[in-house]
Amino acid sequence: MSYNINEKGYYGEFGGAYIPEMLYPNVEELRQNYLKVMAEPDFKSEFDKLLKDYVGRPSPLYFAKRLSEKYNTKIYLKREDLNHTGAHKINNTIGQILIAKRLGKHRIIAETGAGQHGVATATVCALMGLECIVYMGEIDIERQAPNVARMKMLGATVIPALSGSRTLKDATNEAIRDWINNPVDTHYIIGSVVGPHPYPDMVARFQAIVSEEIQWQLQEHEGTKKPDYVVACVGGGSNAAGAYYHFLEDTDVNLIAVEAAGLGVDSGESAATSVLGKEGIIHGSKTLLMQTTDGQITEPYSISAGLDYPGVGPMHAHLYKSGRAEFISITDDQAMKAGLELCKLEGIIPAIESSHALAIFEQKTFNPNDIVVLSLSGRGDKDLDTYINYFNL
23 MSYNINEKGY YGEFGGAYIP EMLYPNVEEL RQNYLKVMAE PDFKSEFDKL
73 LKDYVGRPSP LYFAKRLSEK YNTKIYLKRE DLNHTGAHKI NNTIGQILIA
123 KRLGKHRIIA ETGAGQHGVA TATVCALMGL ECIVYMGEID IERQAPNVAR
173 MKMLGATVIP ALSGSRTLKD ATNEAIRDWI NNPVDTHYII GSVVGPHPYP
223 DMVARFQAIV SEEIQWQLQE HEGTKKPDYV VACVGGGSNA AGAYYHFLED
273 TDVNLIAVEA AGLGVDSGES AATSVLGKEG IIHGSKTLLM QTTDGQITEP
323 YSISAGLDYP GVGPMHAHLY KSGRAEFISI TDDQAMKAGL ELCKLEGIIP
373 AIESSHALAI FEQKTFNPND IVVLSLSGRG DKDLDTYINY FNL
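Just so you know, we're using our numbering here: the sequence shown kicks off at 23 and counts up by one.
Here it is, written out as C-alpha cells:
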C-alpha cells in the first residue's frame, strides 16, 4: 500500500478535486504546472536560497534533555518555531508565491485561522511586491490580534469572515468565493494539506523539507536516519505532512498525529476528526470531517485557533483509515499544561497547537531507547493572551 498521492490526486480513497465548474480552470492550470515548475533548476535554487537566507533553515533538531529525563525516553524537538514568522507555514508560502509568479499571477489570497499562515502569506507578498488579501474568521481576528496587526503592517488587507462559526472553515469559504470571482490574475495560497488536488500534495512537498532535514540531523545526533516515532499536531495537517513525508513508506517509523479534543471528545466542543469524523467532502476534497447525520458540517472547537478545523487533509484521513498513523486526541487542559511544562523544563514557549503534540508524553509510554522526534510547529508569542488568561499569569 502506498501512503503517497496517486496520479489522480487521491491518497487511497481520499482526495480528488470536487470543485465548482467556475474554479476548474484555476485548479487545472495549477495541477498541470506545479510539478513541472517545482522541477525547474532555477525554481529549486531560488526556493532553497530563500529557505536558507530568508527563513533561516535548516531549523535545529534539538535534544530536549530535561524533557527526556522526565519521560525516560529520547525526545528531539524539530524547531520550526525558530523559522522567520514563527512557524512552519513560511516553507509553503515561499514555495507557492514562487509558483504564482511563474504562472503570472499578481494578486494573492489566503485563509487563516491562528493567523500564522496569514502572516506567512503577507510576508512573502511583501517580499515579492504582490497584492495580498487574507480572509480570517471574526472570532479568530479577536483572539489572534497580534497576528492581525502583523499582517496589516506587512501590507495585507484582512477581511473578516462573518458567516457560520466565524472561524477557519468560514474564512476558507470566503477565500474560495473570492477566487471564483477573480480567476485570471489571482492565486489562492492554501495554508494546509487541504483543498482540491493538487493542493494537498503541493503543500506537503513544500513542507517535506522538515523530514528531509530530520533525516540528516538525526544521523548526526544518533547515527541513524530513522526515528522510532515522529509526532506532530494535526489540524488540517501541514506540519505533520512535512514531518512525516520522507518516512511515509517506511513502516519502521511510527507516525503519531495529535488532534484537539477541545473540552473532551464527547463534549460537543471538540475538533477530534479521526474519532468524530465521517467521510465527506469539504473545501474541494474527499476526506474525514465532522458532520451531522444529514451531512451538515459540525462546528469544531479547540483552544488553539490553528487546530479548530472540522476535517483533516486527505493524506491524514488515509493514514488514519489504513492504520499507518496512530491518532491521539488531547484536551485543551492537557495541551495547556504540556505547553507550560516545556516552558519550565526547556525554556521554550510553544504555540498551543504544538503543545497538543507535547501532551502525548503524559498519555503514552515510550521505551528509554526510543528516539521520538516531535515537530514543534510554532512559537507561543501569538498565544500569550490565551496562556495568561488560562493560568492567571
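Heads up, the beta-carbon is just placed ideally off N, CA and C, and yes, glycines get one too.
Three-state secondary structure (DSSP) at residue i?
| i | result |
| --- | --- |
| Ile119 | helix |
| Ala416 | As shown, the chain starts at 23 and ends at 415. That puts residue 416 outside it, with no answer to give. |
| Asn276 | strand |
| Thr107 | coil |
| Gly140 | helix |
| Arg79 | coil |
| Ala294 | coil |
| Glu281 | strand |
| Phe36 | strand |
| Ser377 | helix |
| Leu176 | coil |
| Gln1 | It is not possible to answer for residue 1, since the shown part of the chain is limited to 23 through 415. |
| Val252 | strand |
| Gln166 | coil |
| Lys343 | helix |
| Met158 | strand |
| Leu415 | coil |
Between residue i and residue j, is the Cβ-Cβ spacing less than 8 angstroms?
| i | j | result |
| --- | --- | --- |
| Asn113 | Gly264 | yes |
| Pro390 | Thr95 | yes |
| Ile202 | Pro42 | yes |
| Val253 | Val280 | yes |
| Leu398 | Leu99 | yes |
| His219 | Ala347 | no |
| Val215 | Gly259 | yes |
| Ala283 | Ile352 | yes |
| Glu160 | Leu184 | yes |
| Asp405 | Ala373 | yes |
| Arg129 | Thr208 | yes |
| His139 | Gly213 | yes |
| Ile116 | Leu73 | yes |
| Asp354 | Ser376 | no |
| Ala327 | Asp162 | yes |
| Met236 | Thr143 | Correcting the residue type first, residue 236 is Ile in the shown sequence and not Met. Going by C-beta atoms, Ile236 is not nearer than 8 angstroms to Thr143. |
| Met175 | Val156 | no |
Using a Cβ-Cβ cut-off of 6 angstroms (strictly less than) and excluding sequence neighbours within five positions of residue i, which residues of its own chain qualify?
| i | result |
| --- | --- |
| Tyr126 | Rather than Tyr, the amino acid found at residue 126 in this sequence is Gly. Excluding positions up to five away in sequence, the list is empty. |
| Pro299 | In the sequence under discussion, the amino acid at residue 299 is Gly, which differs from the Pro named in the question. Cβ within range, chain order: Leu310, Leu311, Met312. |
| Thr194 | Glu133, His305 |
| Gln241 | Lys247 |
| Val225 | Asn114, Val215, Ser260 |
| Val287 | Ala294, Val297, Ser351 |
| Leu380 | Ala360, Leu364 |
| His340 | Tyr33, Gly34, Phe36 |
| Leu277 | Val252, Tyr266, Ala347 |
Hey, how far is the Cα of residue i from the Cα of residue j?
| i | j | result |
| --- | --- | --- |
| Ala293 | Gly31 | 25 angstroms |
| Glu29 | Ala148 | 34 angstroms |
| Glu35 | Lys308 | 8 angstroms |
| Ala122 | Gln385 | 43 angstroms |
| Thr189 | Ser24 | 34 angstroms |
| Pro222 | Cys154 | 22 angstroms |
| Tyr33 | Arg53 | 16 angstroms |
| Ile393 | Ile97 | 6 angstroms |
| Asn204 | Glu196 | 12 angstroms |
| Val146 | Ile319 | 32 angstroms |
| Ile198 | Gln118 | 17 angstroms |
| Leu415 | His243 | 37 angstroms |
| Val275 | Ser233 | 12 angstroms |
| Asn411 | Met358 | 11 angstroms |
| Gln229 | Leu285 | 30 angstroms |
| Pro47 | Val206 | 9 angstroms |
| Phe413 | Val170 | 24 angstroms |
| Arg124 | Ala167 | 33 angstroms |
Sort the options by Cα distance to residue i and report the nearest one.
| i | options | result |
| --- | --- | --- |
| Arg79 | Glu196, Thr107, Thr246, Val253 | Thr107 |
| Ser344 | Met358, Ser399, Glu271 | Glu271 |
| Gly137 | Gln118, Leu152, His110, Gly117 | His110 |
| Ala262 | Arg401, Met337, Glu384, Val59 | Met337 |
| Glu368 | Phe85, Lys66, Pro249 | Phe85 |
| Ile231 | Ile410, Arg101, Glu291, Asp405 | Arg101 |
| Lys248 | Tyr409, Tyr412, Val395, Glu51 | Val395 |
| Trp238 | Tyr76, Phe269, Met44, Glu91 | Phe269 |
| Phe388 | Ile410, Lys92, Leu45, Lys58 | Lys92 |
| Arg227 | Phe413, Val59, Tyr409 | Val59 |
| Gln356 | Tyr409, Thr315, Asp403 | Tyr409 |
| Glu291 | Pro322, Asp75, Val156 | Pro322 |
| Val49 | Asp403, Val170, Gly217, Ser289 | Gly217 |
Would the beta-carbon of residue i be found less than 7 angstroms away from any heavy atom of the ligand ZN?
| i | result |
| --- | --- |
| Val180 | Absence of the ligand ZN is noted for the structure shown, with no ligands found whatsoever. |
If I measure Cβ to Cβ from residue i and keep anything under 8 angstroms in the same chain, skipping five residues before and after, which residues do I get?
| i | result |
| --- | --- |
| Tyr342 | Ala279, Ser296, Leu310, Val334, Phe349 |
| Leu104 | Gly78, Ser81, Pro82, Arg401 |
So, for residue i: in the same chain, excluding its five sequence neighbours on each side, which residues have a beta-carbon less than 7 angstroms away from its beta-carbon?
| i | result |
| --- | --- |
| Gly37 | Ile27, Gly31, His219, Pro222, Ser307, Lys308, Pro336 |
| Leu57 | none |
| Phe69 | Ile116, Gly117, Leu120 |
At least one CB of chain D closer than 8 angstroms to the CB of residue i: is that the case?
| i | result |
| --- | --- |
| Leu190 | No chain D is part of this structure, which consists of one protein chain only. |
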